[in-house]
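Visitor: This is the structure I have questions about; it appears just below.
Protein chains in written order, with the working numbering: chain D, 413 to 524; chain H, 2 to 113.
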């Protein structure tokens, strides 16, 4: 059983398309992170959310705590957006501290 | 400013050996987290340290241990290596535990 589920697993889009990647989780969380991983392994943190919505450039992330769901949107997609997008959640477990769970990622390819 | 640095970049070990991976956080960051990413999967949380104390532990055997030094750098130690320990080991730092994490480039460990 995965605490974090992402969909779709793979996504191919034409340049300029609007893209949505979804993340559902099954545990109560302190925060949710969206990460971008390029070939070769480098990971960049895109957003950290605990409620509402955040926007950075062409990227928008939303979270609905009650529904345990988050979405990452990319507007006007570009080939340089091609990467694996990973959803991760952080839980605070009191005495045992923080725990992080990761989705398996969504592999995005944007075609010119 | 230097980002998170990790050493070595790559290493090859044989089963049963021991390995030490090193991480230097961004200057001013006091929290370091370690993750294991097996090829084709999302990262898995191993440890989090803040101010030299363990603040979180993932579901890894006792062969895995870590520590954080007074300068906030960190080491991850893995004893009695198994083939299944082959993975990309990622380190991330943040100014405080719950903050946005900044990832290093990773250390790719191959166990033969």
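Heads up, the beta-carbon is just placed ideally off N, CA and C, and yes, glycines get one too.
Can you tell me whether residue 23 of chain H is helix, strand or coil according to DSSP?
Guide: Looking at residue 23 of chain H - three-state DSSP - the assignment turns out to be strand.
Visitor: Tell me, to the nearest whole angstrom, how far the beta carbon of residue 439 of chain D is from that of residue 415 of chain D; I am working on the premise that it is less than 8 angstroms.
Guide: At roughly 5 angstroms, the Cβ-Cβ gap stays under 8 angstroms, so residue 439 of chain D and residue 415 of chain D are in contact.
Visitor: Expressed to the nearest angstrom, what Euclidean distance is found between the alpha-carbon atoms of residue 80 of chain H and residue 47 of chain H?
Guide: If you take the alpha carbons of residue 80 of chain H and residue 47 of chain H, they lie about 14 angstroms apart.
Visitor: Could you spell out where the beta strand (DSSP E) holding residue 518 of chain D opens and where it closes?
Guide: Where residue 518 of chain D is concerned, the enclosing beta strand (DSSP E) stretches over 518 to 523.
Visitor: Excluding the 5 residues preceding and the 5 following residue 465 of chain D in the sequence, name in chain order all residues of the same chain whose CB lies nearer than 8 angstroms to its CB.
Guide: Only 472, 473, 474 and 475 meet the Cβ criterion.
Visitor: Could you name the residues of chain D that residue 29 of chain H contacts, counting a contact when the two beta carbons are closer than 9 angstroms?
Guide: Those do not exist, as residue 29 of chain H stays about 16 angstroms from chain D at its closest Cβ, beyond 9 angstroms.
Visitor: Do the stretch 494 to 513 of chain D and the stretch 444 to 461 of chain D make contact, defined as three or more Cβ pairs closer than 8 angstroms?
Guide: Short answer: they touch.
Visitor: At 7 angstroms on the CB atoms, spell out the chain H contacts of residue 475 of chain D, in chain order.
Guide: Under the 7 angstroms cutoff, chain H gives no residues; its nearest Cβ is about 15 angstroms from residue 475 of chain D.
Visitor: For the candidate residues H:32, H:12, H:83 and H:20, whose alpha-carbon lies nearest to that of residue 109 of chain H?
Guide: When only C-alpha atoms are compared, the closest one is H:12.
Visitor: Against residue 421 of chain D, what residues of chain H qualify as contacts under a CB-to-CB distance less than 8 angstroms, listed in chain order?
Guide: Simply none; closest approach about 11 angstroms.
Visitor: My output table needs one value for residue 470 of chain D: the three-state DSSP class, helix, strand or coil.
Guide: Residue state, collapsed to three classes: coil.
Visitor: Is the stretch 14 to 23 of chain H touching the stretch 81 to 90 of chain H in the sense that three or more CB pairs, one from each, lie closer than 8 angstroms?
Guide: Short answer: they touch.
Visitor: In chain D, what lies closer than 8 angstroms to residue 69 of chain H by C-beta?
Guide: By Cβ distance, chain D contributes nothing, its closest Cβ being about 13 angstroms from residue 69 of chain H, past 8 angstroms.
Visitor: Of all the residues that make up the stretch 505 to 519 of chain D, which are near chain H by a beta-carbon distance shorter than 9 angstroms?
Guide: Against chain H - using a Cβ distance shorter than 9 angstroms - the residues of the stretch 505 to 519 of chain D are 505, 508, 509, 510, 511, 512, 513, 514, 515, 516 and 517.
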